[in-house]
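Visitor: Pasting a structure below so you can have a look.
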Amino acid sequence: MADPQTTASPCPICKKPSQKAYRPFCSKRCADADLGKWFSGAYAVPGEPVDPEALPPQERPQDDDA
Ligand SMILES: [Zn+2]
2 MADPQTTASP CPICKKPSQK AYRPFCSKRC ADADLGKWFS GAYAVPGEPV DPEALPPQER
62 PQDDDA
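Mapped onto my numbering, the consecutive letters of the sequence shown carry residue numbers 2 to 67.
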C-alpha cells in the first residue's frame with residue numbers, strides 16, 4: 002500500500018521523493034528550479050507576445066473630463 006507520508010510521484014527535478022509541503026517537488030529549491038524553467042523559456046508559451054509599446058499612445062481614448 003502507499004505510504005501516506007510519501008507521494009507516488011518523485012520530484013520532477015531531482016527524482017527524490019516529493020515532500021507534501023512542496024508537492025510535486027522535494028523542496029523549495031526544486032520548486033524554484035522548475036519556476037526558473039518558465040522564465041528561461043524552457044516551456045513554450047502559446048499566443049503572441051503583447052507589447053504595450055507597440056500600440057501608438059495617441060490612438061488610445063483620452064478621458065479628459067476631470
Ligand atoms: Zn527535488
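For every residue, glycine included, the Cβ atom is placed at its ideal position computed from N, Cα and C. What you are looking at is a predicted structure, and each value in this text was computed from that prediction instead of being measured.
Taking DSSP's pairing of strands, which residues face P25 in a bridge?
Guide: P25 pairs with nothing; no bridge assigned.
Visitor: Quick one: residues in its chain with C-beta nearer than 8 Å to the C-beta of C15, no 5 flanking neighbours on either side, listed in chain order?
Guide: Result list for C15: C27, C31, in chain order.
Visitor: P25 and S41: beta carbons closer than 8 Å?
Guide: No, Cβ-Cβ distance for P25 and S41 is not below 8 Å.
Visitor: Just to check, is the beta-carbon of F40 closer than 7 Å to a non-hydrogen atom of ligand 1?
Guide: No, Cβ of F40 sits at least 7 Å from all heavy atoms of ligand 1.
Visitor: Can the beta-carbon of K29 be found closer than 8 Å to that of Y23?
Guide: Taking 8 Å as the Cβ cut-off, K29 and Y23 qualify as a contacting pair.
Visitor: Cβ atoms of P13 and D35: under 8 Å apart, would you say?
Guide: Taking 8 Å as the Cβ cut-off, D35 and P13 qualify as a contacting pair.
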